[in-house]
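Some notes on the structure that comes next.
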Amino acid sequence: MGRVVVVAAVIGVATAVAVAAVVGRRFVRKWRRRAKALAIVKEVEEKCATPIAKLRQVADAMTVEMHAGLASEGGSKLKMLITYVDNLPTGDEEGLFYALDLGGTNFRVLRVQLGGKGGGIVSQEFTEVSIPPKLMVGSSSALFEYIASKLAKFVAEEGPDFQIHPGRQRELGFTFSFPVMQTSIDSGNLIKWTKGFSIDDTVGKDIVAELTKAMEKQGLDMRVTALVNDTVGTLAGGRYTDKDVIAAVILGTGTNAAYVERAQAIPKWHGLLPKSGEMVINMEWGNFRSSHLPLTEFDHALDMESLNPGEQVYEKIISGMYLGDIVRRVLCKMAEEASFFGDTVPPKLKVPFTLRTPDMSAMHHDTSADLSVVGNKLKTIFEIQDSSLESRKVVIELCNIIATRGARLAAAGMLGILKKLGKDTLNDSEGQRFVIAMDGGLYEHYDAYSKCLEDTVAELLGEVVSQNIVIQHSMDGSGIGAALLAASHSQYLEG
Ligand code: GLC
């Protein structure tokens, strides 16, 4: 009997030791994986760091490049495009005008009835249409004919609230949010596509001629009287309601800025000096690059695999089209090298652009106790069934690192513009208010991003100067702004 007990005890102890060894090994493996995953995040955090001193270097580099781009064509990565907008809306605009806003995965068409002096916007209507992905990489005629058909339908459905002057042709402001070398307010040639569009047969062509051809094919008698970038439209729309607007920034699928420049400060402008002595410049700042930009291996890989490698480098670390994909790339490395999501790498994690920035934003803003939003997103997007609370926290941390870098660098770009205009310090204009109109889905919907951007601008400017600089959300400004510019460049205006 005693022997049996001893044998059983020995077996029991041996089993316990074996189990403990297995559990211990598992624990050590888990601990190692966790440490490795955290090390990857830490490294990303260090590489993405944007201390104030670095932001000042970025801002200075932006100012230098602005000067270079204004001095000569091709003098800088910043194109500093002349827009032929030398008179921003005054509030006197009157009549019915249309706008077409093309620049992302959706386009919008709108009509605005303007009341003239003091009358403001009497009524407006719009419709939004998504662009079938195949048209973003197809042929120019396919894209423009699709757009023109929707525009024709929109005009056909016009109600009695909108009245065109009898005998007049309809006039359109065309917001085309890509880099265009303008030849006048109503013509310009496409320099290149950005933001995932790639339609080779349009590059170098006059965009207004392309649209006009397509509208004629639809039997639509409409004239494009203003061709504008979305930044320029936002600036114009902002100025209509607030005379202190001096610049506009878009933070959406892509990013860019426009501002009002003194004509004398544009050496490459060989034409006549504009009457007002001012000219709106479309910076195309998405193409900015500088050795001071904090770039990681993930940014380089994203760039190399993009449709436009080596281009739009600033845009690729700041804007909505790319932020989610940077996060995905880091998570993928964590899954591959630290088994962050278990023994196998979830296949969806390897697919580019599966994590969209709105989903990243939703995870970043998750305040639930069990971070269920993060858990659900990981499940629906990457088919990761069971994520631990701890891993969800790490995902949020990563979203924060990537969004913070983008927002702080965008703020540095804004400081660069204010420096160029001499409005970053106290001077004669002390106490005067200057407004930067902002628009774009990223700014509008990613609260943590826009808050960080605003805080950083204030931090960079200091308490006193930042009281004079107002960042103002100009909702849908780019479309309305284009309609306003169509009005101020109408073929029916006297003189
Ligand atoms: C891209 C385009 C630019 C546009 C910006 C924001 O950077 O090149 O023209 O203004 O996106 O939509």
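Sequential numbering from 1 applies to the sequence shown in the UniProt record's numbering. By construction, the Cβ of each residue, glycine as well, lies at the ideal position given by its N, Cα and C atoms.
DSSP-derived helix/strand/coil call for MET1: In the sequence shown, counting from the first residue as 1, residue 1 sits at position 1. Its pLDDT being 48, under 50, MET1 is placed unreliably in this model, and the coordinates cannot settle the point.
Segments assigned alpha helix (DSSP H), at least 4 residues, entirely inside the stretch 430 to 485: Listed in chain order, the complete alpha helix (DSSP H) runs (minimum 4 residues) inside the stretch 430 to 485 are 441 to 445, 447 to 466.
Where GLN163 sits in the DSSP three-state scheme: Translated into the one-based positions of the sequence shown, residue 163 becomes position 163. Coil at GLN163, not helix or strand.
Bounding residues of the beta strand (DSSP E) (the contiguous stretch that carries THR127): What you label residue 127 is simply residue 127 of the sequence shown in a count that begins at 1. For THR127, the enclosing beta strand (DSSP E) stretches over residues 121 to 130.
Identified DSSP bridge partners for residue 503: The structure shown does not extend to residue 503, since the chain is modelled only from 1 through 495, so no value can be given for it.
Any non-hydrogen atom of the ligand GLC within 7 Å of ILE436 CB: Here residue 436 is taken as the residue at index 436 of the sequence shown, counted from 1. For ILE436, the shortest separation between its Cβ and any heavy atom of the ligand GLC does not lie below 7 Å.
Sheet register partners of TRP249 (DSSP bridge): In the sequence shown, counting from the first residue as 1, residue 249 sits at position 249. Going by the sequence as given, residue 249 is Val instead of Trp. Beta-bridge pairing links VAL249 to ALA257, MET438.
heavy atom of the ligand GLC below 7 Å from GLU45 C-beta: Here residue 45 corresponds to residue number 45 of the sequence shown, with the count starting at 1. Every heavy atom of the ligand GLC is 7 Å or more from the Cβ of GLU45, so no.
Helix, strand or coil at LEU371 [DSSP, three-state]: In the sequence shown, residue 371 corresponds to position 371, counting from 1. Here LEU371 carries a coil assignment [DSSP, helix/strand/coil].
Alpha carbon of ALA482 to alpha carbon of ASN287, nearest angstrom: Counting from one through the sequence shown, the residue named residue 482 turns up at place 482. Counting from one through the sequence shown, the residue named residue 287 turns up at place 287. Distance from the CA atom of ALA482 to the CA atom of ASN287, rounded to whole angstroms, is 23 Å.
Rounded straight-line distance, which links the Cα of ILE266 to that of SER276: Taking the first residue of the sequence shown as 1, we reach residue 276 at position 276. Taking the first residue of the sequence shown as 1, we reach residue 266 at position 266. If I take the Cα positions, the gap works out to 14 Å.
Short CB-CB distance (under 8 Å) between ILE199 and chain D: Protein chains in the displayed structure number just one, and chain D is not present.
Close-in-space but distant-in-sequence residues of the same chain around MET321 (CB under 7 Å, 5 per side omitted): For the purposes of this step, residue 321 is taken as the residue at position 321 of the sequence shown. Closer than 7 Å at Cβ, skipping near neighbours: LYS195, GLY196, THR253, GLY254.
Burial state of ILE40, where buried means 16 or more other Cβ atoms lie within 10 Å: Translated into positions along the sequence shown, residue 40 becomes position 40. So ILE40 ends up on the buried side.
Which residues DSSP lists as bridging SER276, in chain order: Reading the sequence shown from its first residue, position 276 is the one you call residue 276. Beta-bridge pairing links SER276 to no other residue.
Option nearest HIS222 by Cα separation, candidates ASP60, ALA214, GLY74: Numbered from 1 along the sequence shown, position 222 holds the residue referred to as residue 222. The question names His, but residue 222 is Met in the sequence shown. When each option's Cα is compared against that of MET222, the closest is ALA214.
Between the CA atoms of PHE176 and VAL129 - distance to the nearest angstrom: Within the sequence shown, residue 129 is the residue found at index 129, counting from 1. Within the sequence shown, residue 176 is the residue found at index 176, counting from 1. Roughly 15 Å between the two C-alpha positions.
DSSP state of ASN189 mapped onto helix, strand, coil: Mapped onto the sequence shown, residue 189 falls at position 189. In this structure, ASN189 counts as strand in the three-state DSSP scheme.
Opposing strand residues paired with GLU171 [DSSP bridges]: Numbered from 1 along the sequence shown, position 171 holds the residue referred to as residue 171. For GLU171, which the question treats as bridged, DSSP gives the partners ARG223.
Beta-carbon separation (whole angstroms), ALA487 vs LEU453, contact threshold 8 Å: The count along the sequence shown starts at 1 and reaches residue 487 at position 487. The count along the sequence shown starts at 1 and reaches residue 453 at position 453. Not really, about 32 Å apart at Cβ, beyond 8 Å.
Contact test: PHE178 Cβ vs the ligand GLC heavy atom, cutoff 7 Å: Walking along the sequence shown from the start, residue 178 turns up at place 178. Because some heavy atom of the ligand GLC lies under 7 Å away, the Cβ of PHE178 counts as near it: yes.
The ligand GLC heavy atom lying under 7 Å from the CB of THR105: Counting from one through the sequence shown, the residue named residue 105 turns up at place 105. THR105 has its Cβ no nearer than 7 Å to any heavy atom of the ligand GLC.
Where the alpha helix (DSSP H) containing MET66 begins and where it ends: Counting from 1 along the sequence shown, the entry for residue 66 is found at position 66. Membership of MET66 in the alpha helix (DSSP H) is indicated by the continuous run 52 to 71.
Closest by C-alpha distance to LYS377, when choosing among ASP60, ARG408, GLY115, MET363: Along the sequence shown, one-based indexing puts residue 377 at 377. Taking only the C-alpha atoms, the option nearest LYS377 is MET363.
Check: THR50 C-beta below 7 Å from any heavy atom of the ligand GLC: By one-based count along the sequence shown, residue 50 stands at place 50. THR50 Cβ: outside cutoff for every heavy atom of the ligand GLC.
Beta bridge counterpart(s) of MET181 as assigned by DSSP: For the purposes of this step, residue 181 is taken as residue 181 along the sequence shown, with counting starting at 1. Bridge partners of MET181: ASN189.
ALA458 versus VAL464 - alpha carbon distance: In the sequence shown, the residue the question calls residue 458 occupies position 458. In the sequence shown, the residue the question calls residue 464 occupies position 464. The C-alpha of VAL464 is placed about 9 Å away from the C-alpha of ALA458.
Cutoff 6 Å; reference residue 498; Cβ partners in own chain excluding five residues on either side: For residue 498 there is no data in the structure shown, the boundaries of the chain being 1 and 495.
Touch test, the stretch 79 to 90 against the stretch 279 to 293, Cβ-Cβ under 8 Å, three pairs minimum: Yes, since at least three Cβ pairs between the stretch 79 to 90 and the stretch 279 to 293 fall closer than 8 Å, the two stretches touch.
Span separating the alpha-carbon of LYS451 from that of GLN169: Residue mapping note: residue 451 aligns to position 451 of the sequence shown, counting from 1. Residue mapping note: residue 169 aligns to position 169 of the sequence shown, counting from 1. Distance from the CA of LYS451 to the CA of GLN169, rounded to the nearest whole angstrom, comes to 45 Å.
Endpoints, alpha helix (DSSP H) assigned at PHE144: Mapped onto the sequence shown, residue 144 falls at position 144. DSSP places PHE144 inside the alpha helix (DSSP H), whose first and last residues are 140 to 156.
Cβ neighbour criterion (16 or more within 10 Å) applied to ILE52: On the sequence shown, position 52 is the one that residue 52 refers to. Exposed, since its Cβ has fewer than 16 Cβ neighbours within 10 Å.
Stretch pair the stretch 98 to 114 + the stretch 122 to 138: three plus CB contacts closer than 8 Å: They touch, by the three-pair rule.
The ligand GLC heavy atom lying under 7 Å from the CB of ILE82: To locate residue 82, count along the sequence shown from 1; it is residue 82. Not under cutoff, so the answer is no.
Extent of the continuous alpha helix (DSSP H) run through ASN400: Taking the first residue of the sequence shown as 1, we reach residue 400 at position 400. Membership of ASN400 in the alpha helix (DSSP H) is indicated by the continuous run 389 to 420.
Reduced DSSP secondary structure (H/G/I, E/B, other) of PHE353: Locating residue 353 in the sequence shown gives position 353, counting from the first residue. Looking at PHE353 - three-state DSSP - the assignment turns out to be coil, as it is neither helix nor strand.
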